[in-house]
Structures are given as structure tokens and as C-alpha cells.
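> Got a structure here, written out as C-alpha cells. Questions coming.
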Amino acid sequence: MSAFNTPLFALFLTLASYRLAWWLYERSGRHPLAHPFLVAMVPVIITLLLLGISYRDYLAGTAVLQFFLGPATVALAWPLYRQLTTLRKIWGQVLVYILIGAPLAAGLAIGLAAMCGAPLDVIGSLAPKSITTPIALEVSRMTGGYPALAAGAVAITGIVGVLAAPLVFRLLKVSDDRIRGLALGLVAHAIGTARAFEYGERAGAYSSLALGLTGLLTAIALPWLWPWISALLQ
Amino acid sequence: MLDGLLILLAFQFAGDLLVRTLGLPLPGPVLGMVLLLIALTTRAAVLQRVAPAANLLIGNLTLLFFPIGIGIVLEWERYSKHGLALLVSIVAGTIIALVLVTALLKLLLRSQP
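From first to last, the protein sequence lines are chains A and B. If you read the first sequence in the numbering used here, its first letter stands for residue 5, the second for the next number, and so on. If you read the second sequence in the numbering used here, its first letter stands for residue 4, the second for the next number, and so on.
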């Protein structure tokens, strides 16, 4: 059995499941519920359970992928720079919207979890759920959260946001692509931004900008404010 | 590709170094991202080479973190007693945030065509 409990097999399994998940995602017409995050997990979980490989061993085997979350975080500067250049005239104004919207999204996650009696480590995992995963994982480490829970919360937030968006936009009678894009990027990060591009280039550009600025502002403010927030919750 | 990766690692390292040296309450890679963003605004041609590596990583973000997310299923006993809080915070919290943010943006952008 030992040939299966190796980084080689863990990486092969991970990449093969990811490839399969993308194929299914494309076949589904990119339906949010068929998002690769949800689908790629299934073959990996089944295989690990069948072979009796622990989550710890599997994570250690795929450590090289987690390493690249750091460079991926730095890489987010590139699309952000591009959107700041494209939307040069309005990014200051967008920054103001994000300064209001990002604390709202994080505050709702924290407040609702606390109201339901969640302990501090769970709340710390949920607080960065509206920002893109590589940044959210970094932030959750500083708020004492569980990486697995933080990653899952971010992905489900994106999927719920994308599923709810058409109804929310219809009920609030929103047809402005700037609003659609900003709201999707602010609340539903990269998954929302992918959806925003389906409304058009303009919505996508606004969404990318909102995604980048929300991630940046939350990453700067949340770890800094966390000692006060956690004191307040205790 | 190689140049891009080199740029990303250099800025991540610079961010990490600053965070550790100054004891900043900030993730190192996030500071690396801020430093790269500032550097990019100088329009230095060499930094444009970050694009291939950056696009590859960003295009495959899910590959980098879905193995971590598997822990929710495989270690569910750790989270199961907080199921309600997770459901309310993630599902209801996201929908309420989307409604409030959209309504707010509609109000703020009303005057601008």
C-alpha cells in the first residue's frame, strides 16, 4: 500500500481530479453548483477513504500546491494593477464603496456566527469568507481559524453569491453593469467575478477591481483589528 | 514564465522579510502583493514579465486550495456541532451582504450615469 501514501500519488490524484472537475464544469455550462472546488473533492475523498490515507498525510503529500498559494497572493497585484489602469478615473470612488462594503460582509459573517454561538476559532475561519481564497487563508491563520473551514467558507460564499445574484439584481431592479460587477466582486470574490464577466467586459472589470481591493483592505484591517474583535466576542 | 516566478518569489520574500523584521500584523504575501502593485505603477518594463506566471497561478487557484478544503469532509466531526452557525453565517450572511451591498451601490451610483 505504501506506493499510494506518497507525494507522487497524492499529486497525481489531485491533478487528475482537478482536470476531471474542470471537464465536468465546462460540460455543465459553468454552473455554479458544478464548481471545480466541490467536484474535484469527490474523487480525492473517495480514494483517500478507500486506501485508508489520512487527511494529514494527503496534505503533506500536496504541500507543494499549498506553497504556491503565497506566490499566487503576490500575483493578484497583476490583475489589480491592470484594472486600476483601465478604471483609472473611478478607482478612488470604488475604494470608498469597498471601505463600506468589505466591513459589512465581514461583519455579517462574524456577527451571525457569534449569534449562533460559534466559538472564536470558527468565527476566525469565517471572517475572511468574502475575500479570495489565497488571501483568506493567510488572514485566517492570523485570526486563529482552521484553514479547511476558511477555504470551504470562501468557496461556498462564492457559489451562494453567484446563485443568489440574479434574483437579488432583479428584486432590486439593478441593470447597471457597474453595480452588478462591484457587488459580485465584493461579496463573492473570484467566483463572483467569473459570473460578472458573463454580464459583459465592463461588469467583469468592475468586479476584478472590487475583488482586488476587498481582498487587500480586509487583509490589512482584519488581522490588525482581530484582537479587539475577539475581546468583544468573549 | 521563469522570470515571472522569480518576480513573484522576490516580492513575496521582500514582504515576508519586512513583516518579520518590523513585526507587522499583516500576512507576508499580502505585503508582497502591495509592494509589487507599487512597483508595477512605475511601469518598469521588466515587471511586465510577471504576467505569464501570474495568470497561470490565478487561473488555477482552485487547484492550490481544494486539497485544504477536503478537511471539512474528512474532519467533519470537528465542525459538526457548529453546523447551524456555519449555515447561517455562510449562506444567510452572504445573501444579506449581497442585498445590502447592491442596495447601497444603487443609492451611491444613482446620480452618476
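The C-beta atom is built at its ideal place from N, Cα and C for all residues, glycine as well. Bear in mind the structure is a predicted one, so any value in this text is a computation, not a measurement.
#1: Just how far apart, CA to CA, sit Ile2 (chain B) and Leu54 (chain A)?
#2: What alpha helix (DSSP H) runs, 4 residues minimum, are completely inside the segment 20-100 of chain B?
#3: Quick check: the Cα distance between Phe16 (chain B) and Pro32 (chain B), rounded to an integer number of angstroms?
#4: Compare the beta carbon distance of Ser212 (chain A) and Leu188 (chain A) with 8 Å and say whether it is the shorter of the two.
#5: What three-state label does DSSP hand Ile49 (chain A) in the structure shown?
#6: List the residues of chain B that Pro11 (chain A) touches, going by C-beta distances under 9 Å, in chain order.
#7: Taking DSSP as the reference, what is the three-state secondary structure of Gly56 (chain A)?
#8: Using only the alpha-carbon positions, how far apart do Leu103 (chain B) and Ile114 (chain A) sit?
#9: Would you check if the segment 65-75 of chain B and the segment 41-58 of chain A touch, i.e. whether three or more CB-CB distances between them fall below 8 Å?
#10: What does Pro55 (chain B) touch in chain A if you count any residue whose Cβ is under 9 Å from its own?
#11: Rounded C-beta distance between Gly185 (chain A) and Arg206 (chain A)? I'm assuming under 8 Å.
#12: Just the Cα atoms here: how many angstroms apart are Leu110 (chain B) and Ala106 (chain A)?
#13: Is the beta carbon of Leu77 (chain B) less than 8 Å from the beta carbon of Leu130 (chain A)?
#14: In the DSSP assignment, find the unbroken alpha helix (DSSP H) run with Ser21 (chain A) in it and report its ends.
#15: Rounded to whole angstroms, what's the CA-CA distance from Ser234 (chain A) to Leu116 (chain A)? Just pull it up for me.
#16: Under 8 Å, do Ala225 (chain A) and Leu190 (chain A) count as touching if we go by C-beta distance?
#17: Taking the CB atoms as reference points, tell me whether Pro227 (chain A) and Thr136 (chain A) lie closer together than 8 Å.
#18: Residues of chain C with CB closer than 8 Å to the CB of Val76 (chain B), please, in chain order.
#19: When the cut-off is 8 Å and only beta carbons count, does Ser114 (chain B) lie next to chain A?
#20: Output needed for Arg145 (chain A): all residues of its chain with C-beta closer than 8 Å, excluding positions within five of it in sequence on either side, in chain order.
#21: Out of A:Leu63, A:Lys93, A:Ser134, point me to the one whose CA is closest to Val94 (chain B)'s CA.
#22: Counting Cβ pairs, one atom from each stretch, are 3 or more of them under 8 Å apart for the segment 6-24 of chain B and the segment 160-171 of chain A?
#23: Which residue comes first and which comes last in the alpha helix (DSSP H) that contains Ile160 (chain A)?
#24: Less than 8 Å between the C-beta atoms of Leu37 (chain A) and Leu124 (chain A), yes or no?
#25: Measure the alpha-carbon distance for Leu17 (chain A) versus Thr90 (chain A) and round it to whole angstroms.
#26: Along the alpha helix (DSSP H) that carries Ile195 (chain A), what are the first and last residues, could you check?
#27: For Trp82 (chain A), count neighbouring C-beta atoms within 10 Å of its own C-beta (all shown protein chains included) and say buried if the count is 16 or more, exposed if not.
#28: DSSP three-state call for Ser144 (chain A): helix, strand or coil?
#29: Below 7 Å CB to CB, which residues in the same chain sit around Ala192 (chain A) once its five sequence neighbours on both sides are set aside?
#30: Just checking: is the beta-carbon of Phe8 (chain A) within a distance shorter than 8 Å of some beta-carbon in chain B?
#31: Under a CB-based cut-off of 8 Å, is Ser212 (chain A) close to chain B?
Well, looking at it:
#1: The structure shown does not extend to residue 2 (chain B), since chain B spans only 4 to 116, so no value can be given for it.
#2: 31-43, 54-62, 64-72, 74-77, 79-82, 86-90
#3: 8 Å
#4: no
#5: helix
#6: Those do not exist, as Pro11 (chain A) stays about 12 Å from chain B at its closest Cβ, beyond 9 Å.
#7: coil
#8: 16 Å
#9: yes
#10: Per Cβ cutoff of 9 Å: no residues; Pro55 (chain B) is ~10 Å from chain A at best.
#11: 7 Å
#12: 17 Å
#13: no
#14: 11-31
#15: 14 Å
#16: no
#17: no
#18: The structure shown contains no chain C; the protein chains it does contain are A and B.
#19: no
#20: Pro151
#21: A:Ser134
#22: no
#23: 151-175
#24: no
#25: 40 Å
#26: 181-203
#27: buried
#28: helix
#29: Thr161, Gly162, Gly165, Val166
#30: no
#31: no
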